[in-house]
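Q:
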Amino acid sequence: MDGNGRWAVNRGLPRIEGHRRGVQNVRGIVECAGDLGIQYLTLYAFSVENWQRPDTEINALMNLLNRFLKSEISTLLKNQVCLKTIGRTDRLPEKVRHALHEVIDQTSHFSGQTLVLALNYGARDEAIDAVKNYTEAVQSGQANLDELDWSTFAGHLYTADLPDPDLIIRTSGETRLSNFLLLQSAYAEMFFTPILWPDFGPGEFREAVDFYWKRERRFGKTGDQVQRKTPTSEPVLNQ
Ligand code: IPE
Ligand code: MG
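For the sequence shown, my numbering begins at 123 and goes up steadily by one.
(1) DSSP on residue 346, reduced to helix/strand/coil?
(2) For residue 266, which of helix, strand or coil comes out of DSSP?
(3) Go through the segment 253-303 residue by residue and report every complete run of the beta strand (DSSP E) that reaches 3 residues or more, in order.
(4) With distances taken between CB atoms, is the gap from residue 169 to residue 307 smaller than 8 angstroms?
(5) Please determine whether the Cβ atom of residue 263 lies at a distance below 7 angstroms from any heavy atom of ligand 2.
(6) Measuring alpha carbon to alpha carbon, tell me which residue in 159, 163, 214 and 146 is nearest residue 289.
(7) Which value, in whole angstroms, describes the spacing of the CA atoms of residue 135 and residue 337?
(8) Name the one or two DSSP bridge partners that residue 204 has.
(9) What span of residues does the beta strand (DSSP E) with residue 165 cover, start to end?
(10) Contact check, residue 225 vs residue 205 under 8 angstroms by CB: the rounded distance?
(11) Can the beta-carbon of residue 324 be found less than 8 angstroms from the beta-carbon of residue 154?
(12) Helix, strand or coil for residue 361? Go by DSSP, reduced to three states.
(13) Can you say whether residue 361 is buried or exposed, counting buried as having 16 or more other CB atoms within 10 angstroms of its CB?
(14) Assuming the contact rule is C-beta atoms closer than 8 angstroms, residue 207 and residue 241 should be a hit. Round their C-beta distance to whole Å, please.
(15) What does the alpha-carbon distance come out to for the pair residue 298 and residue 267?
(16) Please report the Cβ distance between residue 211 and residue 222, rounded to the nearest whole angstrom; I am assuming they are in contact, meaning their Cβ atoms lie under 8 angstroms.
(17) What I want to know is whether the C-beta of residue 124 ends up closer than 7 angstroms to one or more non-hydrogen atoms of ligand 2.
(18) Check whether the Cβ of residue 316 lies closer than 8 angstroms to any Cβ atom in chain B.
(19) Determine the contact status of residue 182 and residue 141, defining contact as a CB-CB distance below 8 angstroms.
(20) Nearest-angstrom Cα distance between residue 149 and residue 199?
(21) What's the call for residue 253, buried or exposed, on a 16-neighbour Cβ count within 10 Å?
(22) If distances are taken between C-alpha atoms only, which option among 302, 344 and 263 comes closest to residue 280?
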């Protein structure tokens, strides 16, 4: 969700006003994802690198996150959306952790749509945490290093109970992943748009999803292998 700051600066407003509008934009996108039958939507809300921003901006972002959680819980309950997080959330301010706990607790039984917030998330930290986690399992005899494969390792990532992303959307014209789901995005389709996040509405989201449906996903195979050929006529046998 990139471009909040530029959206505000372009209008002569403080950056935080862009974040406010960016947060307001989230509800419509989550509802649109639900309407489209998209079961998992992950929002990259705060990266490990974002701590380097000025304290005033970090505080404002944390306040917005806190208010978002408090104001959106009723909509999430109404729409039966389960909230999850990825990232080192234990390092977030207490009030945010408390608000998160509340929403996660109250929505954990929903299985139709899942909203994942990436908070204090970084893919490199995630890999390190997974290695530590897995090493502990080996040391305690619960895992055997000789049997380590991708699916075992993936089971130690923050996303252990989530599928890999099919589509990654980045707004604001930047064409990089910025430490987001680096391992899980191995075969994700990428959609980059110059539109700034506060202007990225359900119409733009649907365009990104339409782009996704036009892609041929080969996962290393040839086009012939993955294209399901429907015969135009019954094959003629025994001639
Ligand atoms: C994205 O908008 C929001 C967060 C990272 C929290 P930015 O704040 O990165 O907006 P720009 O890139 O400065 O326009
Ligand atoms: Mg940015």
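Glycine included, C-beta positions come from ideal geometry on N, C-alpha and C. Quantities reported herein were computed from a predicted structural model and do not represent experimental measurements.
A: According to the structure shown:
(1) Translated into the one-based positions of the sequence shown, residue 346 becomes position 224. Collapsing the DSSP output to three states places residue 346 in a helix.
(2) Numbered from its first residue, the sequence shown carries residue 266 at position 144. Correct three-state label for residue 266: coil.
(3) Here the runs fully enclosed are 289-292.
(4) Sequence index remark: in the sequence shown, residue 169 carries index 47 (1-based). Sequence index remark: in the sequence shown, residue 307 carries index 185 (1-based). Not in contact: residue 169 and residue 307 (Cβ atoms no closer than 8 angstroms).
(5) Taking the first residue of the sequence shown as 1, we reach residue 263 at position 141. Outside the cutoff, so no.
(6) Residue numbering aside, residue 289 sits at position 167 when the sequence shown is read from its first letter. Answer by Cα proximity: 163.
(7) Sequence index remark: in the sequence shown, residue 135 carries index 13 (1-based). Sequence index remark: in the sequence shown, residue 337 carries index 215 (1-based). Across the structure, residue 135 and residue 337 are spaced so that their CA atoms are roughly 39 angstroms apart.
(8) To locate residue 204, count along the sequence shown from 1; it is residue 82. In the DSSP output, where bridge partners are listed per residue, residue 204 has 236.
(9) Residue numbering aside, residue 165 sits at position 43 when the sequence shown is read from its first letter. Where residue 165 is concerned, the enclosing beta strand (DSSP E) stretches over 162-169.
(10) What you label residue 225 is simply residue 103 of the sequence shown in a count that begins at 1. What you label residue 205 is simply residue 83 of the sequence shown in a count that begins at 1. Indeed, because the Cβ distance is near 5 angstroms, the residues count as touching under 8 angstroms.
(11) Within the sequence shown, numbered from 1, the residue matching residue 324 stands at position 202. Within the sequence shown, numbered from 1, the residue matching residue 154 stands at position 32. Residue 324 is a Cβ neighbour of residue 154, given a cutoff of 8 angstroms.
(12) Start at 1 with the first residue of the sequence shown, and residue 361 comes out as number 239. Residue confidence is low: residue 361 scores 47 on pLDDT, short of 50, so the model does not pin down where it sits. Its coordinate-derived value is still stated next. If DSSP states are grouped into helix, strand and coil, residue 361 belongs with coil.
(13) Stepping through the sequence shown from its first residue, residue 361 is reached at position 239. At residue 361, the pLDDT of 47 sits below 50, so the modelled position is not reliable; the number obtained from the coordinates is stated separately. Residue environment: residue 361 is assigned as exposed (fewer than 16 neighbouring CB atoms within 10 Å of its CB, all protein chains considered).
(14) Taking the sequence shown and counting its residues from 1, the one referred to as residue 207 is at position 85. Taking the sequence shown and counting its residues from 1, the one referred to as residue 241 is at position 119. At roughly 5 angstroms, the Cβ-Cβ gap stays under 8 angstroms, so residue 207 and residue 241 are in contact.
(15) Residue 298 sits at position 176 when you count from the first residue of the sequence shown. Residue 267 sits at position 145 when you count from the first residue of the sequence shown. Between residue 298 and residue 267, the C-alpha separation is close to 33 angstroms.
(16) Counted from its first residue, the sequence shown places residue 211 at position 89. Counted from its first residue, the sequence shown places residue 222 at position 100. About 6 angstroms; that satisfies the 8 angstroms criterion.
(17) The residue labelled residue 124 in the question sits at position 2 within the sequence shown. Result yes, Cβ under 7 angstroms from ligand 2.
(18) In summary, chain B is missing from the structure at hand, where a single protein chain is found.
(19) The residue labelled residue 182 in the question sits at position 60 within the sequence shown. The residue labelled residue 141 in the question sits at position 19 within the sequence shown. Yes, they are a contact pair.
(20) Mapped onto the sequence shown, residue 149 falls at position 27. Mapped onto the sequence shown, residue 199 falls at position 77. Within the model, the alpha-carbon separation for residue 149 versus residue 199 is close to 13 angstroms.
(21) Position 131 of the sequence shown holds residue 253. Classification of residue 253: exposed, given that the 10 Å Cβ count is below 16.
(22) Taking the first residue of the sequence shown as position 1, residue 280 is located at position 158. Selected option, being the one with the closest Cα: 302.
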